[in-house]
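Chemist: Quick note on full-length UniProt numbering: the sequence shown kicks off at 1 and runs consecutively.
Let me give you the structure first, and then I'll get to my questions.
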Amino acid sequence: MQRIALSRVSTLARTTGLHSTVLRSAKPVAWRGVRLESSTAIDEQKAARRAALETRDDKQRDWDAKILSYEDLKPRTQQPSSDSYLIDVREPDEVLQGSIPSSVNLPLSVLGKSLHLKPAEFQEKFGFPLPKKNQEVVFYCRSGVRSASACDVAKRNGWTKCVILTLQCTNTDEIASVMNYKGSWLEWLEKEGKPAT
C-alpha cells in the first residue's frame, strides 16, 4: 500500500513538472490516539471569545456611516446647503484631475489634526469654514476606501452619533450626520458619462 501511494506521488510529480523534487524517506506515520474531552473551562473560554467578537462587531456596526448613492448625492450638488458639507478627502494633486461640484477638499492625511484647529485657523488653511459638529458631512474620495476612513475619523472626533435620514439618535440634541459616498469619484465620472483619468 505504501508503494502505491509513493508511485502516485512520483507520477504526479513527473506530470506536474516537479520531477526534480526529491522524496526522502517517506515513513508511515502512526496515529497516536488523542482523547478530546469537553470541559467547562474550554466552554467558558469559547463563550467569552464569542462574546468579545460580538462586542467588537457591535462597535464596528456603531461606527458604520450611512452610505449615500449617486442618486442621493446628485441633487445635493445642484442645490448645495450651507448646513451640509461635501468633502473630498483625496490629496490635492488628485483633486486637480477634477472634483464633484460643490465639494471642498480636506485630505484624509490631515483630517484628524484639522478637526481640532481653531475655526479661523481652519478657514485660513483650507478656504472654507470648519464644519460644526451639528452639521451634515458627506465624505468621498476616489473609490470609497479613504472616505470610509474619514467617516470614522470624524465620528471619533465627535462629529455625529446619528444619521438624520434614519433618525437613530442616541441623543436628540445631536442630529448631524456623517455619510460616505461609497461610489466616490470613479462612480461620479461613470454616471456623468465622463472618462476616468
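Note that beta-carbon positions come from the ideal geometry of N, C-alpha and C, so glycine has one too.
With which residues is Y85 paired in a DSSP beta bridge?
Modeler: Y85 is bridged to V137.
Chemist: Taking buried to mean at least 16 other C-beta atoms within 10 Å of its own C-beta, is K113 buried or exposed?
Modeler: Exposed: under 16 other Cβ atoms inside 10 Å.
Chemist: For G144, tell me which candidate among P119, K66, E124, P80 has the shortest Cα-Cα distance.
Modeler: G144 has its Cα closest to that of K66, out of P119, K66, E124, P80.
Chemist: When you compare only the Cα positions, how much space is there between S149 and K46?
Modeler: In a straight line, the C-alpha of S149 is about 31 Å away from that of K46.
Chemist: Quick one: Cα of K161 to Cα of Q135, how far?
Modeler: Confidence is the limiting factor: at K161 the pLDDT is only 36, short of 50, which leaves the residue's position unreliable and the question unanswerable from this model.
Chemist: Exposed or buried, K182, counting other C-beta atoms within 10 Å across all chains shown (16 or more means buried)?
Modeler: Looking at its Cβ environment, which holds 16 or more other Cβ atoms inside 10 Å, K182 is buried.
Chemist: Please give the ranges of any alpha helix (DSSP H) in the region 90-164, keeping only runs that are unbroken, at least 4 residues long and fully inside the region.
Modeler: Listed in chain order, they are 92-95, 108-114, 119-126, 145-156.
Chemist: Contact between the region 67-78 and the region 88-98 is defined here as three or more beta-carbon pairs at a separation below 8 Å; is this criterion met?
Modeler: With the cut-off at 8 Å, the region 67-78 and the region 88-98 do not touch.
Chemist: Whose CA, out of H116, D88, L108, R49, lies closest to the CA of L186?
Modeler: For the residues H116, D88, L108, R49, the minimum Cα distance to L186 belongs to D88.
Chemist: Quick check on the DSSP output: the beta strand (DSSP E) that includes K66 runs from which residue to which?
Modeler: Start and end: 66-68.
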